[in-house]
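Enquirer: Structure incoming, see below.
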Ligand SMILES: C[S@@+](CC[C@H](N)C(=O)[O-])C[C@H]1O[C@@H](n2cnc3c(N)ncnc32)[C@H](O)[C@@H]1O
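In UniProt numbering, the protein residues as written are 1 to 246.
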């Protein structure tokens, strides 16, 4: 996401006429608004050349992640990688882990593939799809060692709060995908969302907070693009790291 790109909250809500919406999507409250966004020629070229190797198409059945990565290493899911700069840096810092990175934003998909090529990073697979559906249909239980959700859209207007990704029903769907001993790492620059995240995660008996409340930023997480923007606006930053104990 570039600074000039409107955030979903500023973007006009473009509801498609109900006659054009597939029935299964009619009731869904999405955590994103699909923005057109400009795809550069380099991003498009990265998609054209690298998608066959690093892209994963959505399917409504569990996939074999080890087969996709060609090895049996711990798998981490990242939801909402934006332009992918932090994701690629984390994958470099943690070469023994494999990252399934999901976003819906086309230019970001092109950008992360381009960065992977530039930095010679091979332990990321990229999906362009609603992560909620991926979690619901495509991941086997116990498949993940970790889950990263960094600076999810804050949907700060009261009437939009319902679009926030981190809510109890979605976390309840996420947790079975984590192994025992696995972790969930969230970060936000929106204080009221941080409070909501803490409440939601604390509500699960199977999760144990690794800190008294908010955690120190783990060494593997660099500053993200959205975080830098928040800091320029004077926002604080809150990380949360919970471990799955059962
Ligand atoms: C505010 S941006 C943060 C991007 C990045 N993590 C960062 O910190 O710079 C949130 C991202 O989440 C993506 N997103 C929101 N809901 C999503 C969903 N259900 N599935 C996949 N991506 C989603 C948006 O497209 C956007 O790129």
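Even glycine gets a Cβ: it sits at the ideal position worked out from N, Cα and C.
Owing to the predicted nature of the structure, the values given are computational and were not obtained by experimental measurement.
Would the beta-carbon of residue 152 be found less than 8 angstroms away from any heavy atom of ligand 1?
Expert: Flag set: Cβ of residue 152 near ligand 1.
Enquirer: Mapping DSSP to helix, strand and coil, what is residue 25?
Expert: Below a pLDDT of 50, predicted positions are generally treated as unreliable, and residue 25, at 49, falls in that range; the measurement from the model is reported next regardless. Of the three classes helix, strand and coil, the one that applies to residue 25 here is helix, per DSSP.
Enquirer: Going by beta carbon distance, what residues of the same chain come within less than 6 angstroms of residue 202, once the five residues before and after it are set aside?
Expert: Closer than 6 angstroms at Cβ, skipping near neighbours: no residue.
Enquirer: Under 8 angstroms by Cβ, that's how I've got residue 182 and residue 146 pegged, so tell me the actual separation to the nearest angstrom.
Expert: About 6 angstroms; that satisfies the 8 angstroms criterion.
Enquirer: Go through its chain and collect everything with a Cβ distance to residue 97's Cβ below 8 angstroms, but skip five positions before and after it.
Expert: For residue 97, where only same-chain residues beyond five positions count, the Cβ hits under 8 angstroms are 73, 74, 75, 76, 91, 123, 145, 146.
Enquirer: Measure the alpha-carbon distance for residue 143 versus residue 166 and round it to whole angstroms.
Expert: Distance between the alpha carbons of residue 143 and residue 166 is about 20 angstroms.
Enquirer: I need the straight-line Cα distance from residue 35 to residue 106, nearest angstrom please.
Expert: Roughly 9 angstroms between the two C-alpha positions.
Enquirer: Skipping 5 residues on each side, what residues in its chain have a beta carbon closer than 6 angstroms to that of residue 282?
Expert: Any question about residue 282 goes unanswered here, given that the chain covers just 1 to 246.
Enquirer: Return the bridge partner residues of residue 193 from the DSSP annotation.
Expert: BP columns for residue 193 are empty, so no partner.
Enquirer: For a test of the three-state rule: what should DSSP assign to residue 218, helix, strand or coil?
Expert: Coil.
Enquirer: How many Å lie between residue 225 and residue 231 at the Cα?
Expert: Taking the straight line from one Cα to the other gives about 10 angstroms.
Enquirer: Secondary structure at residue 141, three-state DSSP: helix, strand or coil?
Expert: In this structure, residue 141 counts as coil in the three-state DSSP scheme.
Enquirer: Quick check: the Cα distance between residue 173 and residue 39, rounded to an integer number of angstroms?
Expert: Going by the C-alpha atoms only, they are around 32 angstroms apart.
Enquirer: Given this structure, state the Cα-to-Cα distance separating residue 233 from residue 210, to the nearest angstrom.
Expert: Taking the straight line from one Cα to the other gives about 29 angstroms.
Enquirer: Among residues of its own chain, excluding the 5 on either side of residue 25, which ones have a beta-carbon nearer than 7 angstroms to its beta-carbon?
Expert: Any answer about residue 25 is weak, because its pLDDT of 49 lies below 50 and its placement is not dependable; what the coordinates show is given next. Contacts found: none.
Enquirer: How far does the alpha helix (DSSP H) with residue 51 in it extend, from its first residue to its last?
Expert: Here the alpha helix (DSSP H) through residue 51 covers 41-54.
Enquirer: I need the boundaries of the beta strand (DSSP E) containing residue 243, first residue and last residue.
Expert: It spans 238-244 - the beta strand (DSSP E) in which residue 243 sits, taken as one unbroken run.
Enquirer: When the Cα atoms are used, what is the spatial distance from residue 58 to residue 121?
Expert: Going from the Cα of residue 58 to the Cα of residue 121 covers about 22 angstroms.
Enquirer: Thinking C-alpha only, which one of 158, 134, 217, 129 is nearest residue 33?
Expert: For residue 33, the nearest C-alpha among the options comes from 129.
Enquirer: Taking DSSP's pairing of strands, which residues face residue 112 in a bridge?
Expert: Answer is none; residue 112 lacks a bridge partner.
Enquirer: Here's a check: name, in chain order, each residue in its chain whose Cβ is nearer than 6 angstroms to the Cβ of residue 137, leaving out the five neighbours to either side.
Expert: Only 60 meet the Cβ criterion.
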